[in-house]
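Residue numbers (this note's numbering), protein chains in the order written: chain A, 1 to 436; chain B, 10001 to 11063. We put the beta carbon where it would ideally sit given N, CA and C, even for glycine. Only one structure is covered here, and it is reproduced in the block below.
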């Protein structure tokens, strides 16, 4: 018989289920994602660091798992909850079952949860801190532990999930990432699962209570080692063609698909740690700077806001998700915590400039608010049609733009893939206008 | 873009009669569209020949024409109404084809009618196989390799190039009719010949077989701003080779990774854009190779479809309603999501449950039909179930099928595997059985091509069964666990040797009760305003009962022959009426095609199987004033006694009355007491008893099992030998219940009455006279209002006896009585204290909605307090004609008899009977020939009457062909008749003539049982060749009158609002 698991929320509400992978006691912010596919992509998205992820689609694991769908080298959620975890490996594109994958990555996975009730509760109460335990059935104690967890607001988690050192990725037209030198490993090889979120969460008292515990969770050595060459080492230029444009990617918890799609645009990438200064970035002579997604409160990542502010106008900047929020802060706007965030693959977003609507993938708990203090060049370009929240902004004079949603999808619709090409076009415009 | 104010009047074409492949899903979509356009201030002109639809109720359109769906009629209506636009995408293939005809005939141009939604070019790109293929290739998508053929020779040449097996798809046909998989040259020739005949443009596509590939469908919507969203993905569990209408399907797709799903989503969006559907819903079907992942596009429907109805019910996103709004100019972001009311319709629904659809077949009605499932749809209905897991949804879906008899399961695994080798209607019962017999997933995957994912789920179901069986007992924990997997009380009882009632008692004692979750399009991300629920066993119940008194209305479940849209029509009226009277209407049904399962119709919709357990659970949650069981056909009646027994009040006619009407002995005594005559009858539990009854009352006899609908297993037997043979088969139909034996009244006129009673008075809606004589099931007989040949005295007697019966039975609500009139004597044949199939027809013919009246009565109102029009003979004549599915089932005898076989009906309205009948024939898709050759062959007893018929046909200028006996009889009266050979006399014989197209009308009256009797080949050939075939003399006589009428100048069309003075 599987172990019984309790999910206890900070307000005392309790759900029960069966742990089918992992065990112990973990804690984090309880969120839900409504995407019906892509459970593995979600579980490897660093933006979920420090969270407990509820999959609203009830059958979780139907098509198995495969390293090709990892969005990073680790699993990030402290725990995953589903109505029914399934254990199949029939899909041609899978090499393991989902339970095998969860076990291998040490993720505490709880099945048989009334995830709909839980989702409705979060919808009404907002994202709550929660503790999941297979070893403690004292609800009051678990609730106290949940209450002692740090609040997401004010947490800089980007620092915890970013790469330790810079690395490069060579340009490719075909979208398959190859190492530029040295190793036959691709930048996208999965980590072996050590150092996963759940492992990190098993602090002495069963629940990790400090933000820095998250740091133990995070990956990096693997990602970076597998990633490619040391920063600054120029790739061999291809004969007879113009040298590729060079983009510095700020890794606040970057998803592999973003890197893959940027590289597919023929860009040479240098991925740098979150805390890299603007001066160091400019020393790399980038044609553009990309601000990645990532976990935590954007307002807490002050060093990055400062760096972005210094880069503005000097080089085209494109940001996604946390990167969007950091750009907004650098442009003088503010951010705030949403009640329960947007996590799913069906959010309609309207582009106010050409009045098109895209169905988008979203994963964010904070959002941008327009303010009087905003830079005069900055304007809102995208709105979420469900709740009217800001989904994109641009400061064309500064060659900066960003979107709150995830154009790289994974998982989700491909409606916005063209944004990566638009970033390239923005770099061309910069080059033409500024003679770079 | 906002609403187009340049459009004022919009024409909508319905889908006509219910046929296999086109059922009440188009009433659902059409009704939604009509409602939303009316609400938005448009005038709606609706044309549909099907009176049993909600959409043809005068309230749902500005001008409602119940007229044949053909070019002349539509042309006339357009001339009269001058609509600004035609919305062609809501009435299925029928409306789409007719719209193209209107374009090609220049009618739309002539009257400046704009086609909105999809234009003719887009429709052609989707429907014409060659254009479709070219369009797909232009966007880099592959379709199966294929070739077009217009003749048999072309087909054979193509086969030589493409190789066999090949899939044959006729162009512009419905539900793949006339198509099939050809494995060898012989079957290729057969299928191609049939397909060419069926195709309105004599074209078939021969296609590379993708048998065994996985099949997926995506429902896509597009607006004028080129926003495209995918509403739902549907995965066919049956791989390619079985028509999607015959496949068990699941939503959303369960076995695709995100990249794989997105590949299909990208492709579907590209397809919709390339085909150029301007606005609205489309359905795109893909086949995916399970090993390589190769994707091919199978087809695209540029309109709402059965799948879009399913997708709407599966997601809560009302595709047809939104499609109608998009067609008049709105964009997706300008339309609210109905369910959340706060977010726009421009999004993609996300599910937090699993939906399973299972088809319902009627092969028991067509014993000669080939039961193998192919690319040619054969099912007559479907049930949908919602659960939190696949297992739960699947088990609920299986029990929603309401099979008449348990599936016969082979005793050895070897036999089971053999039975599984070809897809059949028992496939899933057999698969479960195979697992119980120890067969493994891999072997079954090889054999059936069903994905091992689904097979593993089925295997696990049998594993759970074994767990219960091995334990032999239930504990609270085990019971809860099994309920979470979806097992019914009845099944768990079987597994541990208890009755359903015992399991239920334990379940309630242990507090194992279901909760209800909402279908909300958004997986609970936003609050749902629209209460649409399904049951499951979890922590939180979302369905809190409302404040007002509640009434539970039980629907009619999956469509089947004998129980279809007519009952849904009544249920919808019951819900609307209950709401009007201040009650909360709570609907329970499991049929995704229906209007009743539109969450707009009731205050609360429970999408649940119509079993005692599931209904009693809903009642437990709702604590209603009571349950209305009289509108949903036999389905609710079957469980009424159990509900009554569980203390749930039955509203309207009490259970005791239902029992009394069904109990032959007590009912006979009642008739005697009332002085009402019925044919001599008896009951028999054994063959010997049956023989004794037969000897006592005399042959011919009408025999049938008790408690059945649609005349299941009802037959006329002419001799003791036939009776014995019947007894050998009938007992299996209804074990433990006796067989009813009546004297069969030959050549009687049959009469049907629909009435409403409130215990004090009785309101007779109409007296309908059947066109066919008694002996043809009332559901298969054409009928006419008012009666055409009965005198006022007889009619008065009919009304009086109906009134007596209704009062004596204590009916509160609808009652249907069938009479036979023979030799100046009136006999009661049958009394049903519930809604009958003819209620919508009567309502449309008379303008009085009987279902509304009956609901008010069931809720306690008195007829005397209602403002009902006095009975008056309508000025116009209304004819109901039926549509029969024989062409779907090659080899099936098309003769009519006491067992109902029709799938749907049409209505013809005119000043006089013959013209109304001619309209009805045209509407039924079997227009009578106005000239040509008639083949006459009748049984001896009909010979003298047939000569009169021959004279009339001769007078109309028809050439008459006849077999020897009939020809001689005609010639003796001076009617020129050409004698033709019977088959056994050798070529050239009658079957050959029909095959060659030399015959335009067949009149063949059979005698006795036995499918291989004389006329069998004649009738089956006629049906396959598309030649109208009439099998009763009364029907033939009426048809000749209709031909006479049709040859006169065109009959005017009139809308219901004008007819009933409600405009």
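- Residue 10401 of chain B places its beta carbon 8 Å or farther from that of residue 10379 of chain B.
- The distance from the Cβ of residue 91 of chain A to that of residue 10389 of chain B is about 19 Å, inconsistent with a contact at the 8 Å cut-off.
- Along the region 352-377 of chain A, going in chain order, the ones with a CB nearer than 9 Å to a CB of chain B are 355, 356, 357, 358, 359.
- Linking residue 129 of chain A to residue 10350 of chain B through their CA atoms gives a straight-line distance of about 25 Å.
- The continuous beta strand (DSSP E) containing residue 167 of chain A extends over residues 167-169.
- Counting only the Cα atoms, residue 10603 of chain B lies some 15 Å from residue 10627 of chain B.
- Taking 8 Å as the threshold, the shortest C-beta distance from residue 171 of chain A to chain B does not fall below it.
- Put simply, of A:123, A:99, A:20 the residue whose alpha carbon is nearest the alpha carbon of residue 132 of chain A is A:20.
- Counting other Cβ atoms within 10 Å of its Cβ, residue 10365 of chain B reaches 16 or more and is therefore classed as buried.
- Proximity of residue 10617 of chain B to chain A, defined by a Cβ-Cβ separation below 8 Å, is not satisfied.
- Looking only at A:166, A:435, A:17, the smallest Cα-Cα distance to residue 287 of chain A is reached by A:435.
- Put simply, the region 12-32 of chain A touches the region 142-158 of chain A. At least three CB pairs are less than 8 Å apart.
- By the CB criterion at 8 Å, residue 10089 of chain B and residue 10323 of chain B fall inside the cutoff.
- CA-to-CA, the gap between residue 10367 of chain B and residue 10892 of chain B works out to about 7 Å.
- At a cut-off of 8 Å, the C-beta of residue 11 of chain A has no neighbouring C-beta in chain B.
- Not a single CB atom of chain B sits nearer than 8 Å to the CB of residue 318 of chain A.
- One thing to note: residue 10465 of chain B has its Cβ within 8 Å of the Cβ of residue 10495 of chain B.
- From the beta-carbon of residue 10274 of chain B, no residue of chain A is found nearer than 9 Å; the closest lies around 17 Å away.
- Per the DSSP secondary-structure output, residue 10626 of chain B pairs in a beta bridge with B:10551.
- Per the Cβ contact rule, the region 10521-10536 of chain B is not in contact with the region 10554-10565 of chain B (fewer than 3 Cβ pairs under 8 Å).
- Of all residues in the region 10284-10297 of chain B, those with a C-beta nearer than 8 Å to a C-beta of chain A are 10290, 10291, 10292, 10293, reading in chain order.
- Sorting B:10503, B:10028, B:10113, B:10652 by C-alpha distance to the C-alpha of residue 10858 of chain B places B:10652 at the top.
- Look at residue 420 of chain A: its C-beta is not under 8 Å from any C-beta on chain B.
- Counting C-beta pairs with one atom in each stretch, the region 10658-10669 of chain B and the region 10859-10878 of chain B have fewer than three that are closer than 8 Å, which means they do not touch.
- Residue 320 of chain A has A:403 as its beta-bridge partners, per DSSP.
- Beta-bridge analysis with DSSP links residue 10768 of chain B to B:10752.
- For the beta strand (DSSP E) assignment, the uninterrupted runs of no fewer than 3 residues enclosed by the region 9-64 of chain A are, from N- to C-terminal side, 14-21, 25-33, 51-55.
- By the Cβ neighbour-count rule, residue 85 of chain A is buried, with 16 or more other Cβ atoms within 10 Å of its own.
- In this structure residue 10094 of chain B is buried. Its beta-carbon is surrounded by 16 or more other beta-carbon atoms within 10 angstroms.
- Here residue 43 of chain A is actually not in contact with residue 110 of chain A; their C-beta atoms are around 13 Å apart, not less than 8 Å.
- Against chain B, the beta carbon of residue 84 of chain A has neighbours under 8 Å at 10388, 10389, listed in chain order.
- By the neighbour-count criterion, in which 16 or more other beta carbons inside 10 Å mark a residue as buried, residue 325 of chain A falls on the buried side.
- Non-local beta-carbon contacts of residue 398 of chain A in its own chain, meaning distances under 6 Å to residues more than five positions away in sequence, involve 312, 313, 377 in chain order.
- Contact between the region 11018-11027 of chain B and the region 10989-11004 of chain B is present, with at least three C-beta pairs closer than 8 Å.
- For residue 10539 of chain B and residue 17 of chain A, the gap between their C-alpha atoms comes out near 11 Å.
- Between residue 407 of chain A and residue 10265 of chain B, the gap from beta carbon to beta carbon reaches 8 Å or more.
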